[in-house]
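Everything in the sequence shown is counted per our numbering, starting at 96 for the first residue and increasing by one. Notes follow the structure.
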Amino acid sequence: MQTHEIRNRFLTHFKNAGHTEVPSASLILDDPNLLFVNAGMVQFKPYFLGEAPPPYPTATSVQKCVRTGDIDEVGKTTRHNTFFQMAGNFSFGDYFKAGAIEHAWNLITSSQDDGGYGLDPDRIWTTVYLDDDEAIELWRKITGLPDERIQRRDGLDNYWDMGVPGPGGPCSEIYYDRGAEFGKEGGPVVDEDRYLEIWNLVFMQDVRGEQSPKYGHKPIGTLPKKNIDTGMGVERVAYLLQGVDNVYETDLVRPVIGKAEEMSNRRYGADHTDDVRFRVIADHARSGVMLIGDGVTPGNEGRGYVLRRLLRRIVRSVRLLGVDEPVLPEFAAVVRDAMGPSYPELVRDFDRISAVMKTEEDAFRATLTTGSRIFDVAASQTKDSGSKVLAGDKAFQLHDTYGFPIDLTLEMASEQGLQVDENRFRELMEEQRQRAKADAAARKTGHGDLSEYRKVLEQHGETEFLGYTDLQSTAR
Ligand code: ATP
Ligand code: MG
Ligand code: MG
Ligand code: MG
Numbered sequence: 096m097q098t099h100e101i102r103n104r105f106l107t108h109f110k111n112a113g114h115t116e117v118p119s120a121s122l123i124l125d126d127p128n129l130l131f132v133n134a135g136m137v138q139f140k141p142y143f144l145g146e147a148p149p150p151y152p153t154a155t156s157v158q159k160c161v162r163t164g165d166i167d168e169v170g171k172t173t174r175h176n177t178f179f180q181m182a183g184n185f186s187f188g189d190y191f192k193a194g195a196i197e198h199a200w201n202l203i204t205s206s207q208d209d210g211g212y213g214l215d216p217d218r219i220w221t222t223v224y225l226d227d228d229e230a231i232e233l234w235r236k237i238t239g240l241p242d243e244r245i246q247r248r249d250g251l252d253n254y255w256d257m258g259v260p261g262p263g264g265p266c267s268e269i270y271y272d273r274g275a276e277f278g279k280e281g282g283p284v285v286d287e288d289r290y291l292e293i294w295n296l297v298f299m300q301d302v303r304g305e306q307s308p309k310y311g312h313k314p315i316g317t318l319p320k321k322n323i324d325t326g327m328g329v330e331r332v333a334y335l336l337q338g339v340d341n342v343y344e345t346d347l348v349r350p351v352i353g354k355a356e357e358m359s360n361r362r363y364g365a366d367h368t369d370d371v372r373f374r375v376i377a378d379h380a381r382s383g384v385m386l387i388g389d390g391v392t393p394g395n396e397g398r399g400y401v402l403r404r405l406l407r408r409i410v411r412s413v414r415l416l417g418v419d420e421p422v423l424p425e426f427a428a429v430v431r432d433a434m435g436p437s438y439p440e441l442v443r444d445f446d447r448i449s450a451v452m453k454t455e456e457d458a459f460r461a462t463l464t465t466g467s468r469i470f471d472v473a474a475s476q477t478k479d480s481g482s483k484v485l486a487g488d489k490a491f492q493l494h495d496t497y498g499f500p501i502d503l504t505l506e507m508a509s510e511q512g513l514q515v516d517e518n519r520f521r522e523l524m525e526e527q528r529q530r531a532k533a534d535a536a537a538r539k540t541g542h543g544d545l546s547e548y549r550k551v552l553e554q555h556g557e558t559e560f561l562g563y564t565d566l567q568s569t570a571r
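Pasting the structure below:
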């Protein structure tokens, strides 16, 4: 079943049950706590918070989402995209737990001839929050799931709130057992690779206080009107229904891998390291197009920096597949063709999207060219001196002055049989971080000690591309 059909069936299912269809919001909403929209409920927050009366009692949507925290998982797990589509149904004081469970169960287990996804009920597992006996009882009654496939889980996974005092509640998540060849027995609590999470049902019933029930604290009250917020991963369901091995091989993502195969003359599926690169390329190309489509442009901070990181990672990955030509506009065209039917604005706006990509790619390619020259000199000097370890100071200089990412330095070093003194590199990064902190503190107070800041400027000049690896290593 194609991704487009999965979306449509979701919306139809909930519209037939009286839900109002609401279009996806932009990836960028005016929310100071959020870089990008990362869940379907974000555009409905005012209704959940009681700040505005909901114009409808129930709603359904397929929301564009970007999760930057998942960047490092991309290509390595089978299930994490940076951009994905979250299908959701929402109840604002209308139906509650029983309705949410029943709707989800019917959609995933009804046969494909009846408009459902036709997943085998014997492979479905669910989790509930530790003390949510009510949910356990409902799962039993409504779905007939046996007790051993209803697992209790603690707040970290199964309690939801907004990170601040306000609405909160336990969740129930739905998992699909991909089979014994994919991991250990024992349900999602034991193995989240074999048991694939496809849908999260949030039962918004509590008022959380200063301390979150995520960490075992008791809620301080009960909401006057209970709400439902759910999110189903469209790409994950596609991955199951298309009989492929991961979200990157689904119909709307895989075409970019095909393009990269063509360009590189390497085959996807032949080599693990290459495969991760292929997946990163396909995932990031799609996210890049969607972000630029919603008005983000590459830059050195915030949203622009995330976009820059995604695009540069594509360019780098493509190089590592042995391709030296510019690639981004071509990938963008493949993404447009795949995503265009659901997102016509990408077709309308393609020239602009492609131009943004081209400019960024040209700039980064220049960086890479200069950096590679410096690297080659450093590598020969290292070898000439009889050493097998490239100095950490060199790696730092490459990073700091030429914007050359450390993982590329590592990769190129290993191609030449060299190691890199990473400890020294990290030490220098840490020193730089401290200086940047002093700088930020000085800027905040407006009258801080600027001597540290000046020292940095004198030593390194104003670099354009600080913190590439910082973000890379801390993001999760
Ligand atoms: P995981 O534990 O697999 O990282 P999650 O618990 O963080 O997922 P939720 O916040 O519950 O995910 O989001 C609701 C649904 O959205 C998930 O059940 C999943 O189907 C989908 N989803 C979440 N993150 C991603 C992602 N990075 N790529 C694709 N789909 C995702
Ligand atoms: Mg996650
Ligand atoms: Mg999860
Ligand atoms: Mg979840």
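Each residue gets a CB set at the ideal place from its N, CA and C atoms; glycine is no exception. None of these values were measured; they are calculated from a predicted model.
Contacting residues, own chain, Cβ-Cβ under 6 Å from residue i (five flanking each side not counted)
| i | result |
| --- | --- |
| K453 | P424 |
| D457 | none |
| N213 | Checking the sequence, you will find Gly at residue 213 rather than Asn. Correct list, in chain order: S206 and Q207. |
| E168 | H175 |
| E116 | L106, K110 and T155 |
Environment of residue i [buried if 16+ CB atoms lie within 10 Å]
| i | result |
| --- | --- |
| V442 | exposed |
| D495 | buried |
| D446 | exposed |
| A365 | exposed |
| P148 | exposed |
| S359 | buried |
| H542 | Model confidence at H542 stands at a pLDDT of 47, short of 50, so the residue's coordinates are unreliable and nothing is read from them. |
| P314 | buried |
| Y310 | exposed |
| K354 | buried |
| G46 | Absent from the structure is residue 46, since the part of the chain shown begins at 96 and ends at 571. |
| H108 | buried |
| S480 | exposed |
| L144 | exposed |
| V472 | exposed |
| E455 | buried |
| K110 | exposed |
| N253 | buried |
Chain-order list of residues whose beta-carbon lies under 7 Å from that of residue i (same chain, five-residue window excluded)
| i | result |
| --- | --- |
| G239 | none |
| L493 | G466, I469, F470, F499 and T504 |
| Q300 | G264, T317, L318 and K321 |
| H99 | P436 and S437 |
| Q511 | A474 |
| L415 | R372 and E506 |
| V429 | P350, V351 and K354 |
Among the options, nearest to residue i - alpha-carbon criterion
| i | options | result |
| --- | --- | --- |
| L251 | P216, R218, I409 and H312 | H312 |
| P260 | V410, L291 and T317 | T317 |
| K483 | F491, A490, A474 and D502 | A474 |
| F187 | I269, P262 and V169 | P262 |
| L106 | A134, Q158 and N253 | Q158 |
| T163 | P150, F179, I101 and D419 | F179 |
| M134 | Y271, D217 and W294 | The sequence shown places Ala at residue 134, rather than the Met named in the question. Here the closest residue by C-alpha is W294. |
| G202 | D215, Y190 and F191 | Looking at the sequence provided, one finds Leu at residue 202 rather than Gly. Comparing Cα positions, the closest option is D215. |
| P308 | L225, L416, Q527 and Q337 | L225 |
| I219 | M257, Y290 and V418 | Y290 |
| V297 | E268, M434, E455 and L122 | E268 |
| F491 | V472, M524, T462 and G481 | M524 |
| V132 | E522, R414, L415 and R398 | R398 |
| A154 | F185, P141 and L405 | F185 |
| G304 | A537, C266, M257 and T345 | M257 |
| D324 | A533, R404, D502 and H198 | H198 |
| V515 | D488, R528, E526 and K532 | D488 |
Proximal residues to residue i (C-beta, below 8 Å), its chain only, five neighbours per side dropped
| i | result |
| --- | --- |
| V284 | T222, Q246 and R248 |
| R235 | D242 and I245 |
| T558 | The predicted model places T558 with a pLDDT of 39, which falls under 50 and marks its position as unreliable, so this point remains unresolved. |
| V137 | A120, L124, D126, L129 and Q158 |
| I409 | V375, I376, H379, A380, G383, V422, L423 and F426 |
| D370 | G170, Y363 and G364 |
| G388 | Y438, E440, L441, D444 and I448 |
Test item, CB below 6 Å from any non-hydrogen atom of ligand 4: The chain-ordered list of residues whose CB is nearer than 6 Å to some heavy atom of ligand 4 reads E268, E292 and N295.
Completely contained alpha helix (DSSP H) runs for the stretch 225 to 285, where each covers 4 or more residues: 228 to 238 and 250 to 253
Length at least 4, wholly inside the stretch 308 to 349: the alpha helix (DSSP H) runs in chain order: If only complete runs of 4 or more residues are kept, the stretch 308 to 349 shows the alpha helix (DSSP H) at 329 to 336, in order along the chain.
In chain order, each alpha helix (DSSP H) run of at least 4 residues that lies wholly inside the stretch 116 to 167: The stretch 116 to 167 contains these whole alpha helix (DSSP H) runs: 140 to 143.
Secondary structure, beta strand (DSSP E): runs of 3+ residues fully inside the stretch 170 to 226: You should have 178 to 187 and 219 to 224.
Contained alpha helix (DSSP H) runs [length at least 4] in the stretch 372 to 434, N- to C-terminal order: With a minimum length of 4 residues, the continuous alpha helix (DSSP H) runs that stay inside the stretch 372 to 434 are 397 to 415 and 423 to 434.
Contained alpha helix (DSSP H) runs [length at least 4] in the stretch 431 to 504, N- to C-terminal order: 440 to 443, 445 to 479 and 487 to 497
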